[in-house]
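The opening residue of the sequence shown carries number 1 in UniProt numbering; numbering runs sequentially from there.
Beneath this line is the structure, given in structure tokens, with notes to follow.
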Amino acid sequence: MLRAELGSWFQDPDPEKFPYDAVVRQYQRVGKHFVPQELLAALSEVRDRLPSLNGPWSHVQTLASFLSTALDKPDGRYDYASYLALGLLDLPAVTDPVEQAPFARSRCDRLTSQLVCDAFAFELAVADGRSDLLPKMRPAHDQVEKRFKHGLRAIRPALARMSLAAGLTADNPAELARQACFLVRSDMSLAERRALSVCVLPVDTAHDEYLFLRVLQTFETTFALLAVHLRGAMAAMAGRQVERAEHFLAGARTALSESAPLFSMLATMQVESFRMFREFTDGASAIQSRNYKLVESLCRRPDPERVDSAAYTWVPEVRERVLAGQATLDDAYREAAGSGDLSEADRERLAAAMEGFARALMRWRNTHYRLAVRMLGEAPGTGYTEGTPYLASVRSIPVFESVGAGGGGVDEPQAEALAADEQAARTR
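As structure tokens, this is what we get:
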């Protein structure tokens, strides 16, 4: 069937009519690591034809991004960004004009709700008997219910800002998830639907990898938003707009707090399932997260030994920005505070806002570390790092130098949820 669809497309190579659904279905049926050579060769031929294709640039660009993700393993380019298909997600970029910063929240609300609801939709399709994809190690019913519960906690604030939360009227997690899927999908454009449908290419056929991909994509969305908000705060400080700087820093802190239930959602993965598909993700690691490093390096200039470590050599474009003297929030605060333009009260307001964000980021790091210990144990990382020892060594790095970070404990509600899931895992 797929061979016929691709053959038909080659006869009339319109980028808008490329058989995405059939190709994605085949990838999900066997796993990216096991895609037949015949299909890889056909997709490579499609890529060779890209320069000669007619049609709107947006359609050609989408196809090019999809093929870049689909062919990353045979090309020898497989990494964290290609595994998560980040090129297909409409994420805010650090190079966007800072004037667009106020609109980043609504962009990311849409994408966050779409990604989480798509994870819901997969679970519902399997439960309803409408999908047989990714059949290995199906989770127990109670674990799926927990996924719905934690995922709904993560997206309710976004749904409220999108004026969709009033449609959540059911009294059990599965039906609430079903309602959320309907509400979010009804609000999506055709372009958004297309992008969402083509950016899940798991490496294996373990059920839980679908959740893993969607949650990591959602975290990337959060950190893309943080980078934009931090730049907005820097610009506001330069203009001595204290209230505006507070607004952006509060928004960044809120975004981190709202993402915290995603850790509990991810903790419902079966450890054995995670370790099964992780065998085929070698070369892709969160140490390669460009958005996380952007956030870290926008807060303050990283120490020289960290800039020269794998943490930054894996993200060369971010490292180049740092070495070129990228401005930081630390710089902006010191300049504003030392200018004589701000009152003592205003300096304290800015410092308090920065400290609040720093505490939120430290909590995020520690919760991430705790979950990684549960999932990985002492196994090495997939990005050629030491795994959990690496996370342990970097979780206490100060967020800022110009102000304190406050406490850096695990987010308490998430700590309780993670502990409950750990206990449940031991008793199964």
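Heads up, the beta-carbon is just placed ideally off N, CA and C, and yes, glycines get one too.
Considering just the uninterrupted stretch of the alpha helix (DSSP H) at residue 348, what are its terminal residues? If you number the sequence shown from 1, residue 348 lands on position 348. Per DSSP, residue 348 belongs to the alpha helix (DSSP H) from 344-376.
Report, in whole angstroms, the separation of the C-beta atoms of residue 357 and residue 231, which I expect to be a contact under 8 angstroms. In the sequence shown, the residue the question calls residue 357 occupies position 357. In the sequence shown, the residue the question calls residue 231 occupies position 231. The Cβ separation is near 13 angstroms, so there is no contact.
Would you check if the distance between the CB atom of residue 86 and the CB atom of residue 217 is smaller than 9 angstroms? Indexing the sequence shown from 1 puts residue 86 at position 86. Indexing the sequence shown from 1 puts residue 217 at position 217. Yes, they are a contact pair.
Enumerate in chain order the residues of its own chain whose CB-to-CB distance from residue 145 is below 7 angstroms, with the five nearest sequence positions on each side excluded. Taking the sequence shown and counting its residues from 1, one reaches residue 145 at position 145. Excluding positions up to five away in sequence, the list reads 173, 174.
With a threshold of 16 other CB atoms inside 10 Å of the CB of residue 259, please say whether the residue is buried or exposed. By one-based count along the sequence shown, residue 259 stands at place 259. When all chains shown are included, residue 259 counts as buried.
With 16 other CB atoms within 10 Å as the buried threshold, where does residue 261 fall? As a position in the sequence shown, residue 261 is number 261, starting the count at 1. Buried, since its Cβ has 16 or more Cβ neighbours within 10 Å.
Please classify residue 17 as buried or exposed, where buried requires at least 16 other C-beta atoms within 10 Å of its C-beta. Within the sequence shown, numbered from 1, the residue matching residue 17 stands at position 17. It counts as exposed.
For residue 206, which three-state DSSP category applies? Stepping through the sequence shown from its first residue, residue 206 is reached at position 206. Looking at residue 206 - three-state DSSP - the assignment turns out to be strand.
Please report how far the alpha carbon of residue 131 lies from the alpha carbon of residue 34, in whole angstroms. Your numbering for residue 131 matches position 131 in the sequence shown. Your numbering for residue 34 matches position 34 in the sequence shown. Cα to Cα, the separation comes out at about 20 angstroms.
Report the CB separation of residue 142 from residue 162 in whole angstroms; it is logged as a contact under 8 angstroms. In the sequence shown, residue 142 corresponds to position 142, counting from 1. In the sequence shown, residue 162 corresponds to position 162, counting from 1. Not really, about 30 angstroms apart at Cβ, beyond 8 angstroms.
What number of angstroms, rounded off, separates the C-alpha of residue 219 from the C-alpha of residue 348? Position 219 of the sequence shown, counted from the first residue, corresponds to residue 219. Position 348 of the sequence shown, counted from the first residue, corresponds to residue 348. Their Cα atoms are separated by approximately 30 angstroms.
Report the partner residues of residue 136 according to the DSSP bridge assignment. Position 136 of the sequence shown, counted from the start, is the residue given in the question as residue 136. DSSP links residue 136 through a beta bridge to 206.
The alpha helix (DSSP H) enclosing residue 78, as first and last residue numbers: Position 78 of the sequence shown, counted from the start, is the residue given in the question as residue 78. No alpha helix (DSSP H) contains residue 78, which DSSP labels as neither H nor E.
With 16 other CB atoms within 10 Å as the buried threshold, where does residue 364 fall? Counting from one through the sequence shown, the residue named residue 364 turns up at place 364. Counting C-beta atoms within 10 angstroms of its own C-beta, residue 364 has 16 or more neighbours from the protein chains shown and is therefore classed as buried.
Comparing alpha-carbon positions, which option in 404, 70, 46, 322 lies nearest residue 60? As a first step, residue 60 is located in the sequence shown; it is residue number 60 there, counting from the start. Ranking 404, 70, 46, 322 by Cα distance to residue 60 puts 46 first.
Whole-angstrom C-beta distance between residue 62 and residue 82, which should lie under 8 angstroms: Position 82 of the sequence shown, counted from the start, is the residue given in the question as residue 82. Position 62 of the sequence shown, counted from the start, is the residue given in the question as residue 62. Going by Cβ atoms, the distance from residue 82 to residue 62 rounds to 15 angstroms, so no, they are not a contact pair.
Near residue 238, what residues of its chain come up, given a Cβ to Cβ distance below 8 angstroms and the 5 sequence neighbours on each side ignored? For this step, residue 238 is matched to residue 238 along the sequence shown. Non-local beta-carbon contacts of residue 238 in its own chain, meaning distances under 8 angstroms to residues more than five positions away in sequence, involve 332, 335, 336 in chain order.
Since I believe residue 223 is in contact with residue 177 (beta carbons under 8 angstroms), could you give me their beta-carbon distance rounded to a whole number of angstroms? The residue you call residue 177 lines up with position 177 of the sequence shown. The residue you call residue 223 lines up with position 223 of the sequence shown. Wrong, their Cβ atoms sit about 25 angstroms apart, outside the cutoff.
Same chain, Cβ closer than 6 angstroms to residue 266, five either side skipped, listed in chain order: As a first step, residue 266 must be located in the sequence shown, where it is residue number 266. These residues qualify, in order along the chain: 215.
Extent of the continuous alpha helix (DSSP H) run through residue 251: Within the sequence shown, the letter at position 251 stands for residue 251. Its alpha helix (DSSP H) spans residues 242-259.
Three-pair Cβ contact test at 8 angstroms for the stretch 292-308 versus the stretch 389-406: yes
For residue 99, the first and last residue of its enclosing alpha helix (DSSP H): As a working mapping, residue 99 is identified with position 99 in the sequence shown. First-last for residue 99: undefined, no H or E at that position.
Cutting at 8 angstroms between CB atoms, please list the residues of its own chain near residue 88, excluding the five before and the five after it. What you label residue 88 is simply residue 88 of the sequence shown in a count that begins at 1. So the list reads 62, 65, 66, 69, 195, 198, 199, once near-sequence residues are dropped.
Do residue 429 and residue 328 have their C-beta atoms within less than 9 angstroms of each other? Residue coverage of the chain in this structure runs from 1 to 428, which leaves residue 429 outside it and unanswerable.
Does DSSP classify residue 12 as helix, strand or coil? In the sequence shown, residue 12 corresponds to position 12, counting from 1. Three-state result, residue 12: coil.
Taking all protein chains shown into account, decide if residue 273 is buried (16 or more other Cβ within 10 angstroms of its Cβ) or exposed. Counted from its first residue, the sequence shown places residue 273 at position 273. Under this definition residue 273 is a buried residue.
Where residue 71 falls: helix, strand or coil (DSSP): Here residue 71 refers to the residue found at position 71 when the sequence shown is read from its first residue. Coil at residue 71, not helix or strand.
Taking only the alpha-carbon atoms, compute the straight-line gap between residue 40 and residue 72 and give it to the nearest angstrom. Start at 1 with the first residue of the sequence shown, and residue 40 comes out as number 40. Start at 1 with the first residue of the sequence shown, and residue 72 comes out as number 72. Cα-Cα distance, rounded: 10 angstroms.
If you run the structure through DSSP and keep just helix, strand and coil, what is residue 383? Indexing the sequence shown from 1 puts residue 383 at position 383. At residue 383, the pLDDT of 49 sits below 50, so the modelled position is not reliable and the matter cannot be decided from this model.
Please name the residue in 183, 150, 322 whose C-alpha comes closest to that of residue 159. Taking the sequence shown and counting its residues from 1, one reaches residue 159 at position 159. Considering only alpha carbons, the answer is 183.
Quick check on residue 54: buried or exposed, where buried means 16 or more other Cβ atoms within 10 Å of its Cβ? Here residue 54 refers to the residue found at position 54 of the sequence shown. Flag for residue 54 reads exposed.
With a threshold of 16 other CB atoms inside 10 Å of the CB of residue 95, please say whether the residue is buried or exposed. Here residue 95 refers to the residue found at position 95 when the sequence shown is read from its first residue. Residue 95 comes out exposed.
Tell whether a beta-carbon distance below 9 angstroms holds between residue 431 and residue 91. Nothing can be reported for residue 431: it is not among the residues displayed for the chain, which extend from 1 to 428.
Supposed close pair residue 19, residue 5 - CB separation, criterion 8 angstroms: Against the sequence shown, residue 19 aligns to sequence position 19. Against the sequence shown, residue 5 aligns to sequence position 5. So it is a contact: roughly 4 angstroms between Cβ atoms.
Considering only the alpha carbon of each residue, which of 58, 376, 235 lies closest to residue 279? Locating residue 279 in the sequence shown gives position 279, counting from the first residue. If we check each option's Cα against that of residue 279, 376 comes out closest.
Buried or exposed by the 16-neighbour rule on C-beta atoms within 10 Å, applied to residue 129: One-based indexing of the sequence shown puts residue 129 at position 129. So residue 129 ends up on the exposed side.
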